[in-house]
Amino acid sequence: MTRIIIDCDPGHDDMMAIMLASASDKIDLLGVTTVAGNQTGDKTFENALRILTLIKEEIPVARGADKPLLRELVTAPEFHGQSGLDGAELPEPGIKPLHIDAVDFIIDMLEESLEKIVLVPTGPLTNIAMVLLKNPDIKHKIERIVLMGGGMHDSNVTPAAEFNIYVDPEAAKIVFGSGVPITMVGLDVTNRALMSFEEIEGIVADNGVISSKVGPLLKFFANANKKIFGLNGAPIHDALAVAAVIDPTVVETKFLNVQVEVSSELTRGATVVDIYGATSNSPNVDVALEVDTPKFVHFMVDSIRKLDKKFA
Ligand code: BDR
Ligand code: CA
84 MTRIIIDCDP GHDDMMAIML ASASDKIDLL GVTTVAGNQT GDKTFENALR
134 ILTLIKEEIP VARGADKPLL RELVTAPEFH GQSGLDGAEL PEPGIKPLHI
184 DAVDFIIDML EESLEKIVLV PTGPLTNIAM VLLKNPDIKH KIERIVLMGG
234 GMHDSNVTPA AEFNIYVDPE AAKIVFGSGV PITMVGLDVT NRALMSFEEI
284 EGIVADNGVI SSKVGPLLKF FANANKKIFG LNGAPIHDAL AVAAVIDPTV
334 VETKFLNVQV EVSSELTRGA TVVDIYGATS NSPNVDVALE VDTPKFVHFM
384 VDSIRKLDKK FA
């Protein structure tokens with residue numbers, strides 16, 4: 084079992100990432116930490132508690148940064164709604180969060196663990212950068228960071244940048260420059276990690292304890308992506324990062340140099356991938372360039388069915 088911590092800003096696809104990890108017998112989910120991103124810190128934290136309450140996952144939850152390291156927070160209500168999880172009513176939070184900060188929680192877990200831990204950030208990288216700034220030696224306890232963010236060709240929030248990296252580019256720069264092994268699961272693959280409207284209807288039709296909530300939530304997310312990008316379904320970005328931990332063959336990666344743009348406003352948060360080796364910079368990131376979409380969708384449908392069965 085791979086020991087992971089998910090650092091997220093739920094968010095529909097963050098929710099799917101948590102559910103996939105929870106349902107997998109290959110993952111030991113040690114904790115969930117939250118960061119402001121898709122919505123404010125209050126909302127992403129509450130959403131994480133609601134998701135874990137729904138799936139009765141009693142794992143540690145710790146709240147992290149309310150804003151990026153240096154910039155004002157940018158949120159994404161056009162994709163995730165005012166609550167950050169519009170589309171269905173999730174249960175009131177029924178689990179008690181930890182009273183320590185996400186950054187300290189992650190550091191403690193890394194320090195106490197005999198084995199290395201994989202970090203799976205699916206929001207802006209603020210908490211992860213703060214972990215590395217606060218305790219630089221701790222990086223030797225991080226097996227790998229498998230993050231959803233960035234992209235080589237694709238962007239979504241500006242013509243140059245993906246949302247998670249755009250929101251806190253300085254944090255991303257610290258993480259990408261840390262020397263920790265990194266897999267970047269970016270938009271080039273996550274835009275193709277698409278659940279079609281038909282596949283989402285299949286989840287709605289299951290009508291179980293979990294699918295009856297997940298179905299309408301995914302419909303909301305798919306409609307937003309259809310309206311804004313003309314996509315024929317919901318790109319489950321964040322869950323692809325978890326899927327790549329469960330089964331690395333779900334994506335194909337190339338080890339390349341990636342730098343994050345922090346100076347220019349026009350290209351703020353761009354992940355500049357040196358695909359042709361135009362610089363003498365050493366590779367620092369395994370960049371995901373291909374995805375096995377049918378395998379990924381199978382993982383997703385299967386995990387929701389497993390959770391439905393557990394609570395039937
Ligand atoms: C990323 O931005 C957020 O809106 C999603 O949750 C995902 O993490 C996609 O660009
Ligand atoms: Ca996210």
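Add 83 to a position in the sequence shown, counting from 1, and you land on the number used in this note's numbering. Backbone N, C-alpha and C define an ideal beta-carbon position, used for all residues, glycine too.
According to DSSP, residues forming a beta bridge with residue i
{"i": "Q165", "result": "Answer is none; Q165 lacks a bridge partner."}
{"i": "L202", "result": "I88, I228"}
{"i": "S279", "result": "G316"}
{"i": "I265", "result": "I228, V368"}
{"i": "I248", "result": "Per DSSP, none; premise fails for I248."}
{"i": "E373", "result": "E335"}
{"i": "D111", "result": "R86"}
{"i": "T362", "result": "For T362, which the question treats as bridged, DSSP gives no partner whatsoever."}
{"i": "T117", "result": "C91, R146"}
{"i": "V343", "result": "T354"}
Outcome for residue i when other beta-carbon atoms lying within 10 angstroms are tallied against a minimum of 16
{"i": "I265", "result": "buried"}
{"i": "N153", "result": "According to the sequence as given, residue 153 is Leu; it is not Asn. Looking at its Cβ environment, which holds fewer than 16 other Cβ atoms inside 10 Å, L153 is exposed."}
{"i": "H182", "result": "exposed"}
{"i": "S196", "result": "exposed"}
{"i": "G313", "result": "exposed"}
{"i": "N315", "result": "exposed"}
{"i": "F246", "result": "buried"}
{"i": "T362", "result": "exposed"}
{"i": "M84", "result": "exposed"}
{"i": "L349", "result": "exposed"}
{"i": "K217", "result": "exposed"}
{"i": "D125", "result": "exposed"}
{"i": "S346", "result": "exposed"}
Inter-residue Cα distance where the pair is residue i and residue j
{"i": "E155", "j": "K392", "result": "43 Å"}
{"i": "D191", "j": "A145", "result": "12 Å"}
{"i": "A244", "j": "S238", "result": "5 Å"}
{"i": "F54", "j": "P180", "result": "Look at the range of the chain in this structure, 84 to 395, and you will see that residue 54 is not part of it."}
{"i": "T273", "j": "E161", "result": "18 Å"}
{"i": "I311", "j": "K302", "result": "14 Å"}
{"i": "N306", "j": "F379", "result": "20 Å"}
{"i": "G170", "j": "Y359", "result": "43 Å"}
{"i": "V325", "j": "N364", "result": "28 Å"}
{"i": "T123", "j": "I200", "result": "27 Å"}
{"i": "V333", "j": "P377", "result": "9 Å"}
{"i": "A322", "j": "E175", "result": "23 Å"}
{"i": "I283", "j": "S295", "result": "11 Å"}
{"i": "R227", "j": "P219", "result": "15 Å"}
{"i": "D184", "j": "G147", "result": "6 Å"}
{"i": "I211", "j": "V292", "result": "33 Å"}
{"i": "L173", "j": "G260", "result": "38 Å"}
{"i": "I178", "j": "D357", "result": "45 Å"}
Bounding residues of the beta strand (DSSP E) (the contiguous stretch that carries residue i)
{"i": "T127", "result": "Not the beta strand (DSSP E): T127 falls in the alpha helix (DSSP H), residues 124–137."}
{"i": "P318", "result": "316–318"}
{"i": "K337", "result": "334–339"}
{"i": "V356", "result": "354–356"}
N-terminal and C-terminal residue of the alpha helix (DSSP H) that residue i is part of
{"i": "M192", "result": "185–195"}
{"i": "A145", "result": "Looking at the DSSP string, A145 is not in any alpha helix (DSSP H); the run it does join, the beta strand (DSSP E), is 144–146."}
{"i": "V292", "result": "Taken as a continuous stretch (DSSP letters only), V292 belongs to no alpha helix (DSSP H), as it is neither H nor E."}
{"i": "D97", "result": "95–106"}
{"i": "I211", "result": "209–217"}
{"i": "L270", "result": "270–273"}
Contact with chain D by residue i, beta-carbon distance below 7 Å
{"i": "E282", "result": "In the structure shown, chain D cannot be found, because there is only a single protein chain."}
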